[in-house]
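Asker:
Protein chains: 4
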Amino acid sequence: MTARSLLGKIVEAASGIVKPPAHRRASRLAAALRTLVSRRGEASGATLARRALALYRGLDDAGRLHFFRLLARDFSPEPEAVLAAATAYHRDQSPANLARLERVTEPPRQEVFRRMNMAPGGTAALLEMRTAVSSLVRQHAELAVIDSDLTHLLGSWFNRGFLRLERIDWRTPAAILEKLIAYEAVHEIQGFPDLKRRLADDRRCFAFFHPVLEDEPLIFVEVAFVDEIPEAVGPILAMSSAVRDPRKARCAVFYSITSTQPGLRGISFGNFLIKQVAEDLRHELPNLKTFVTLSPVPSLRGWAREEMKKPRANAELETLRAQVAEALEAGGAPPEPLREAFEGLAAWYLTRVWTKPGVEGDTHARDSVARFHLGNGARLERVNWHADLSPKGLAQSYGMMVNYLYDLGDVEKNHEKYFTEHTVVHSSAVEKLARLIEPLMLDEQKMGSGSFFLSAEK
Amino acid sequence: MTARSLLGKIVEAASGIVKPPAHRRASRLAAALRTLVSRRGEASGATLARRALALYRGLDDAGRLHFFRLLARDFSPEPEAVLAAATAYHRDQSPANLARLERVTEPPRQEVFRRMNMAPGGTAALLEMRTAVSSLVRQHAELAVIDSDLTHLLGSWFNRGFLRLERIDWRTPAAILEKLIAYEAVHEIQGFPDLKRRLADDRRCFAFFHPVLEDEPLIFVEVAFVDEIPEAVGPILAMSSAVRDPRKARCAVFYSITSTQPGLRGISFGNFLIKQVAEDLRHELPNLKTFVTLSPVPSLRGWAREEMKKPRANAELETLRAQVAEALEAGGAPPEPLREAFEGLAAWYLTRVWTKPGVEGDTHARDSVARFHLGNGARLERVNWHADLSPKGLAQSYGMMVNYLYDLGDVEKNHEKYFTEHTVVHSSAVEKLARLIEPLMLDEQKMGSGSFFLSAEK
Amino acid sequence: MTARSLLGKIVEAASGIVKPPAHRRASRLAAALRTLVSRRGEASGATLARRALALYRGLDDAGRLHFFRLLARDFSPEPEAVLAAATAYHRDQSPANLARLERVTEPPRQEVFRRMNMAPGGTAALLEMRTAVSSLVRQHAELAVIDSDLTHLLGSWFNRGFLRLERIDWRTPAAILEKLIAYEAVHEIQGFPDLKRRLADDRRCFAFFHPVLEDEPLIFVEVAFVDEIPEAVGPILAMSSAVRDPRKARCAVFYSITSTQPGLRGISFGNFLIKQVAEDLRHELPNLKTFVTLSPVPSLRGWAREEMKKPRANAELETLRAQVAEALEAGGAPPEPLREAFEGLAAWYLTRVWTKPGVEGDTHARDSVARFHLGNGARLERVNWHADLSPKGLAQSYGMMVNYLYDLGDVEKNHEKYFTEHTVVHSSAVEKLARLIEPLMLDEQKMGSGSFFLSAEK
Amino acid sequence: MTARSLLGKIVEAASGIVKPPAHRRASRLAAALRTLVSRRGEASGATLARRALALYRGLDDAGRLHFFRLLARDFSPEPEAVLAAATAYHRDQSPANLARLERVTEPPRQEVFRRMNMAPGGTAALLEMRTAVSSLVRQHAELAVIDSDLTHLLGSWFNRGFLRLERIDWRTPAAILEKLIAYEAVHEIQGFPDLKRRLADDRRCFAFFHPVLEDEPLIFVEVAFVDEIPEAVGPILAMSSAVRDPRKARCAVFYSITSTQPGLRGISFGNFLIKQVAEDLRHELPNLKTFVTLSPVPSLRGWAREEMKKPRANAELETLRAQVAEALEAGGAPPEPLREAFEGLAAWYLTRVWTKPGVEGDTHARDSVARFHLGNGARLERVNWHADLSPKGLAQSYGMMVNYLYDLGDVEKNHEKYFTEHTVVHSSAVEKLARLIEPLMLDEQKMGSGSFFLSAEK
């Protein structure tokens with residue numbers, strides 16, 4: 004009996020029970036996958052994989068959900084076999100026992116995915132599948148096992164060693180450039196002419212690519228060459244600015260870094276990308292001395308609004324709180340008189356606020372962008388006032404941006420401090436700002452009688 | 004404390020105990036790997052991986068053995084944790100329990116290898132590592148766990164979906180061509196001029212490549228275009244033969260298929276390669292009707308010598324046996340008068356002789372080449388007398404070669420028969436040959452009195 | 004004395020005479036060129052060429068004009084030497100005499116240009132130079148010799164044998180695609196999204212490239228795959244149309260062909276491009292049966308206005324003429340009642356109207372687009388009413404477009420007829436339209452009394 | 004009448020006169036070419052060119068000779084038209100007159116060649132044609148006009164600006180590498196393994212390529228990185244030598260430079276190649292301070308044998324002469340006692356011996372290799388004794404080799420001296436050697452009584 008006819012039988016048998024068509028298709032696919040991972044699947048692997056992929060693509064939403072359920076239910080390890088193998092291994096850690104343990108604990112799903120990957124377009128399909136599963140997990144918790152298996156497999160396949168770092172410029176195929184326009188999440192790109200400026204001689208764009216997804220940048224970073232650590236993003240994004248000689252620039256600014264694949268969420272490349280790019284640029288342009296980001300603080304405004312809800316006892320502080328709170332609720336740019344207060348809040352937030360300890364006592368910086376750069380070993384260098392007054396910039400970071408500095412000689416040490424001591428390495432300027440706002444943040448009773456702003460001005 | 008200084012500490016501590024330098028280096032590497040897979044390893048992954056690779060490359064044989072022992076002993080799953088997770092999963096197959104099971108049963112070695120792969124040249128180093136481990140496993144059985152982990156990981160990374168099929172021709176870089184000369188295992192290539200003939204217009208060579216090993220063909224197949232199913236390999240290998248128009252050929256002969264990477268032993272691509280090439284050639288050259296191999300039967304002579312040891316009762320058969328046995332022991336080409344006997348033996352061997360059932364009742368064709376092609380769904384088409392009289396051809400296949408026919412419409416069916424019914428699909432001509440020798444192979448008592456050769460001539 | 008110091012001397016000597024700086028720079032360049040073509044120039048050719056190019060690029064308008072004048076005056080053949088060599092050759096056509104003749108009649112300018120071409124960017128600079136010279140020739144007739152020399156040289160260098168035909172698609176570098184948007188002259192491209200539709204699966208775009216101008220398409224043709232010879236350009240240009248399967252199309256429409264380089268004006272590639280593309284498409288898509296253009300008649304409206312000025316004697320015809328003339332002067336789309344009249348005028352114009360015989364008795368079709376396609380051997384197939392109602396389409400072709408049919412089996416024959424017999428090969432439908440309008444075009448006296456439209460309706 | 008039928012008519016008409024078939028084919032080709040350059044040829048240029056090329060390829064030796072004769076006789080400028088145009092131009096150098104002069108003096112052959120170049124493989128065919136014509140010119144002087152036209156055209160087409168400099172290494176296609184093995188003229192390459200050593204890390208090979216001849220290196224230079232100016236070629240050619248780190252080398256030796264295309268003889272690229280490579284290497288490997296050749300003196304032995312024929316009056320000198328003459332006639336390596344004499348002869352030959360002034364008073368260094376490097380502006384640096392004792396090295400250069408030094412800052416100046424002052428720039432060491440041998444070379448009467456070797460030893 005061929006794989007095909009076998010598949011036919013399964014389908015026939017199944018069709019005795021009346022099922023809605025979406026279910027029928029999903030079941031047919033599940034059966035095909037069962038064949039695919041069997042020994043029969045070996046001979047006709049490529050053909051069967053192609054067929055399975057076509058079946059998957061033909062599923063509607065209901066069919067897909069049903070299929071995922073089957074995949075979650077029927078392709079997990081056998082509990083009995085697992086327990087037996089674990090017991091044997093516990094008794095004797097022989098290679099044979101370990102081999103058996105590995106064999107019975109690996110979910111057959113993983114072999115399913117490896118086989119599907121053999122079909123043309125297989126990898127892309129698995130990325131889409133993970134995206135689809137992820138969005139269903141919240142409502143269908145049992146599907147988490149699929150997400151977990153795919154994450155494990157994709158993490159292994161998208162290992163840094165298999166990625167190619169490539170420069171993106173105006174000679175790059177349009178099919179790739181349009182992806183940049185579509186994906187850019189930090190500072191939206193207004194079509195090809197805008198993009199062209201971002202790819203001119205005094206800019207750089209680099210991306211990681213995986214060999215089988217040749218037109219898909221997985222993550223890309225945009226760099227601008229400037230003279231000094233930048234205070235605002237406007238001049239960098241300005242389409243009409245003059246192009247300067249990159250060999251004269253002293254500072255490289257990572258002003259945008261974007262992950263593109265929802266199917267790779269949780270599999271991190273940004274760390275490698277920034278360091279590799281910094282390393283490469285240092286060789287290409289020896290004049291570059293400073294590598295720094297210009298980053299938003301996307302959760303700042305939300306956090307600050309919460310913080311500013313409770314009245315302060317001290318009258319002066321309460322006045323300040325009320326002004327700050329009012330400004331946070333109002334539209335428009337942050338008012339200039341409150342500049343120090345807001346800069347201080349940002350400094351405080353980024354240097355002092357951690358998440359509650361989770362599994363294994365983990366805690367990390369509350370702001371996601373901070374978490375990324377601090378975890379990479381960068382140093383919080385400066386808070387920039389009125390640095391991004393775009394609607395998004397105001398809504399999230401209340402118009403402020405910060406610079407994280409990558410000193411390649413210090414990243415290991417900084418990273419260590421961040422993870423071991425839960426300390427955010429930062430400049431004295433940032434520290435000064437944080438101290439400035441300390442009275443407002445701490446229990447007001449401890450405050451002396453001196454004027455807050457007076458003390459700040461010292 | 005940075006990863007570096009941590010590593011230093013470990014090394015210092017370790018050096019209190021006096022160790023021979025080879026051991027010391029191996030221990031240092033093991034410590035580095037421990038750091039590499041820790042969270043600290045995340046920030047400086049690429050740097051640490053590079054360092055670890057350099058340490059590994061600096062090991063001598065003793066150091067390497069010691070390192071492998073540490074890797075086998077210290078990077079396996081924790082038995083207690085495994086048993087606890089298995090018990091929990093046995094009780095409740097919740098996603099969380101499954102996730103924990105996966106986490107604790109995966110040997111940390113795998114993460115070690117994934118991290119090492121991030122360094123430039125990492126994949127190649129892991130292939131070499133597996134080659135080195137494999138050769139040590141016989142004497143050091145405990146290292147089998149490393150081999151097993153590497154096989155699992157490399158099998159996943161060298162998934163068909165990540166391989167590129169490429170044609171090799173005279174425009175291919177010399178760096179790749181010299182690999183073909185070095186690796187070709189079936190019919191040795193005598194330098195570049197010989198190779199050039201094998202890459203001429205009426206020949207083809209295709210190979211699978213992995214993106215990170217750009218100059219390494221993983222497996223390659225050599226094809227010749229001829230008019231009819233070939234009877235001997237000499238005309239195909241002849242360097243001075245005229246080059247014919249490939250568009251007029253009706254038959255494509257796969258006359259050599261070679262795996263090149265000992266580090267990938269057991270991870271099979273040949274099946275995909277032959278089918279893909281046949282598929283592609285059918286499109287390029289629609290005149291091609293027959294896709295066939297010209298293959299050795301490498302274990303034939305050895306098997307036949309064993310078989311011909313026991314005397315036969317029937318006098319005529321015993322005479323024959325003695326002649327056959329004598330010929331098998333002698334040097335030189337098989338004698339013409341025994342042609343039918345030897346062709347019959349080959350047919351018998353390939354169609355009737357299976358290995359003893361092993362694990363899970365598995366049994367397969369005794370001859371390794373037969374196993375490969377029959378397992379792929381090919382049909383045994385013809386036995387060819389005096390087809391390869393080279394020393395190797397005589398020593399292994401006693402000068403005979405066979406054709407396995409790939410009929411793309413039948414491969415699934417044939418494969419199914421081979422695996423399910425343990426039947427070798429073969430031509431009537433082959434069957435006739437096998438029947439011819441039947442009296443000699445079966446219990447002589449059952450034979451009638453008729454002359455063996457008389458019956459054969461009918 | 005080095006070339007440099009020699010150059011210096013020349014410049015010094017020259018600067019004795021007070022010259023305006025623009026002149027001085029132009030003279031310096033002319034002197035550099037003189038060195039460049041001397042034997043001294045051989046050793047340092049590349050260096051001197053680079054220097055000369057830099058000098059040229061530094062010239063302002065006045066300097067450039069002055070430089071061109073020097074180039075026209077001082078780098079022409081010596082009349083005495085020419086006459087002597089011609090006389091010698093006239094007396095005896097020996098190889099030596101011919102060699103001398105060639106040497107002295109070739110303008111030294113050509114060697115100047117060949118040397119300049121050795122510098123990086125030289126070819127592009129010469130193309131720009133020709134563009135600059137061409138625009139000056141009208142007012143400065145003496146510069147025609149430069150234009151002539153450049154045309155000769157560029158014609159030789161941009162020989163079809165050196166051009167690469169390349170498909171342009173969405174994977175083409177943006178740097179090339181933006182050129183298409185900038186250059187497209189027939190049907191303007193509205194940015195990248197518009198272009199993307201023109202590069203989808205049921206469209207094709209091909210261009211010729213010269214190896215040293217890698218991002219410069221020299222000429223490109225846009226093709227659409229449709230079912231039937233198209234009547235209007237709107238559906239082809241529609242950005243939102245569905246993409247169809249190219250393998251099912253029966254007709255390939257060349258709906259736009261654009262030369263991009265003013266520096267190559269008069270050096271024709273279009274002929275090669277269309278035929279090569281038709282040939283290639285026939286192989287790629289065997290279903291394609293018809294290769295046809297959809298072309299404007301850019302001089303139609305202008306010609307018709309002239310023609311319709313003289314009143315007709317015949318009253319009926321005069322009425323018609325007046326209506327036609329009025330419509331031609333009015334804005335808006337051509338009125339439906341006059342459809343036959345206008346179609347007839349177009350047919351008449353394209354099949355009967357030739358330029359006055361010029362040098363060597365040459366005459367050709369009046370309309371430039373017609374001249375191109377008919378000269379290539381295409382056949383005038385159909386006149387299409389209301390085919391392009393864009394402002395440009397109305398202004399030039401009065402909304403009409405025509406199809407020229409490329410039947411590759413007939414192009415030689417048609418071409419021969421066009422050039423030898425001055426006959427426009429056309430369909431009977433077109434002939435019928437031309438006959439329809441004949442009374443209006445010919446001397447009215449010869450007309451019978453029958454109603455024009457009556458006769459037309461027969 | 005189509006081009007084809009016209010061609011038919013010509014052939015028919017011609018065949019009335021009985022001609023041998025070779026003549027007939029040649030005439031047919033000549034007629035085809037006449038069509039090709041006519042206006043008719045424009046429409047079907049590519050087709051006709053392909054046809055003409057096929058006809059040319061079908062000619063045997065006799066046919067080819069006949070064809071060349073027709074090409075020389077019938078495709079030259081018309082003497083009457085030439086004289087008329089020259090007279091008009093002499094009278095009035097108007098652009099129109101110059102244009103006419105150019106038109107009538109350019110041999111129609113050139114247009115023939117330009118049209119043939121449009122066919123696929125056209126350029127390669129023209130190179131072969133020139134090779135064929137060149138070899139016939141000696142016996143058929145009238146064919147020189149063809150050679151001259153082809154040289155002019157190919158010189159223009161193979162302009163430096165159109166050539167690509169490419170590094171050749173072990174990743175280069177074998178199809179190109181085998182050309183190096185076949186062409187290398189200076190130091191033969193013994194197959195691919197020898198070549199591989201010459202392409203290792205401490206060697207370089209660069210070649211110029213023309214875009215339409217993608218597998219044909221036009222000229223290539225081999226470079227070795229060493230510590231000091233080399234004295235002998237053996238160590239450089241040794242296949243088994245260790246590969247050293249190129250970044251540490253201080254001297255780049257151009258030890259072989261080979262032109263590959265006989266069809267491009269007289270069109271020089273070597274000058275550009277050496278300078279470009281030196282420039283590029285200086286950037287890649289800043290440690291390199293010296294760029295030098297290791298060159299044969301191919302005409303040295305022949306010249307010396309002539310020089311040493313006449314007896315000297317001075318007895319001591321006569322003894323020396325006889326020894327030198329005897330050594331030159333004998334086989335084997337030059338005898339050690341005569342080292343200074345032979346080094347002196349080489350120095351004398353290279354610094355003092357010029358060809359007789361030819362056309363335009365031209366004179367140049369007698370030795371062809373010297374001519375090339377000195378003309379490029381190199382300096383004669385050193386004479387090396389027993390530097391190449393291979394049979395060829397002994398037969399030509401009597402075992403000696405010399406170093407020409409390329410100091411990029413001096414090449415213009417040196418070149419100028421060479422061409423203007425007819426001075427060979429050379430080191431004081433070389434001068435000393437030349438002076439040493441002076442007595443032997445000059446009229447003996449002028450010699451003082453002092454011992455030759457005594458004076459030399461001072």
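Residue numbers (the working numbering), protein chains in the order written: chain Y, 4 to 461; chain A, 4 to 461; chain S, 4 to 461; chain B, 4 to 461. We put the beta carbon where it would ideally sit given N, CA and C, even for glycine.
By the 7 Å beta-carbon criterion, what residues does the stretch 153 to 174 of chain B contribute toward chain A?
Answerer: TRP173 and ARG174
Asker: So, is the C-beta of B:ALA89 closer than 8 Å to a C-beta in chain S?
Answerer: yes
Asker: Name, in chain order, the residues that DSSP records as bridge partners for S:LEU62.
Answerer: The partner list for S:LEU62 (beta bridge, DSSP) is empty, contrary to what the question assumes.
Asker: Kindly confirm or deny that the stretch 163 to 183 of chain S and the stretch 218 to 231 of chain S touch, where touching means at least three C-beta pairs closer than 8 Å.
Answerer: yes
Asker: Use the C-beta contact count for Y:SER30: other C-beta atoms within 10 angstroms, 16 or more gives buried, fewer gives exposed.
Answerer: buried
Asker: My understanding is that B:GLU181 touches B:PHE209, with C-beta atoms under 8 Å, so please give their C-beta distance in whole angstroms.
Answerer: Their Cβ separation, rounded to whole angstroms, is 18 Å, which puts B:GLU181 and B:PHE209 out of contact at 8 Å.
Asker: On the DSSP letters alone, give me the boundaries of the alpha helix (DSSP H) that S:VAL414 sits inside.
Answerer: 414 to 419
Asker: Apart from the five residues on each side of it in sequence, which residues of its chain come closer than 6 Å, Cβ to Cβ, to S:ARG369?
Answerer: Result list for S:ARG369: VAL356 and THR358, in chain order.
Asker: Between the Cα of Y:LEU445 and the Cα atoms of Y:LEU267, Y:ALA316, Y:ASP365 and Y:ASN387, which residue gives the shortest distance?
Answerer: Y:ALA316
Asker: With 8 Å as the threshold, decide whether the Cβ of B:ALA368 is near any Cβ in chain A.
Answerer: no
Asker: Since A:THR126 meets chain Y, which of its residues come closer than 7 Å, beta carbon to beta carbon?
Answerer: Contact of A:THR126 with chain Y by beta-carbon distance below 7 Å involves GLY164.
Asker: Give, in chain order, every residue of the stretch 63 to 97 of chain S whose Cβ lies closer than 7 Å to some Cβ of chain Y.
Answerer: none
Asker: Determine whether the Cβ of B:ALA235 lies closer than 8 Å to any Cβ atom of chain A.
Answerer: no
Asker: Is there a Cβ of chain Y sitting closer than 8 Å to that of A:PRO214, yes or no?
Answerer: yes
Asker: What's the gap between the Cα of B:ARG308 and the Cα of B:LEU331?
Answerer: 6 Å
Asker: Using a 10 Å radius around the Cβ and a threshold of 16 neighbouring Cβ atoms, would you call Y:GLU83 buried or exposed?
Answerer: exposed
Asker: Please list the segments of the beta strand (DSSP E) lying wholly inside the stretch 381 to 435 of chain B, counting only runs of 3 or more residues, in order along the chain.
Answerer: 382 to 387 and 404 to 408
Asker: Smallest Cα separation from A:GLN142: which of A:ARG72, A:LEU348 and A:SER243?
Answerer: A:ARG72
Asker: Looking at S:PRO98 and B:VAL148, is the spacing between their C-beta atoms short of 8 Å?
Answerer: yes
Asker: Taking the alpha-carbon positions, what's the A:GLU460 to A:ILE184 distance?
Answerer: Residue confidence is low: A:GLU460 scores 36 on pLDDT, short of 50, so the model does not pin down where it sits. No coordinate-derived value is stated.
Asker: Would you list, in chain order, the members of the stretch 190 to 202 of chain A that have their beta-carbon closer than 9 Å to a beta-carbon of chain B?
Answerer: GLY194, PHE195, PRO196, LEU198, LYS199 and LEU202
Asker: Over the uninterrupted alpha helix (DSSP H) stretch that includes B:ILE2, give me the two end residues.
Answerer: With chain B represented from 4 up to 461, any question about residue 2 of chain B goes unanswered, as that position is not in the structure.
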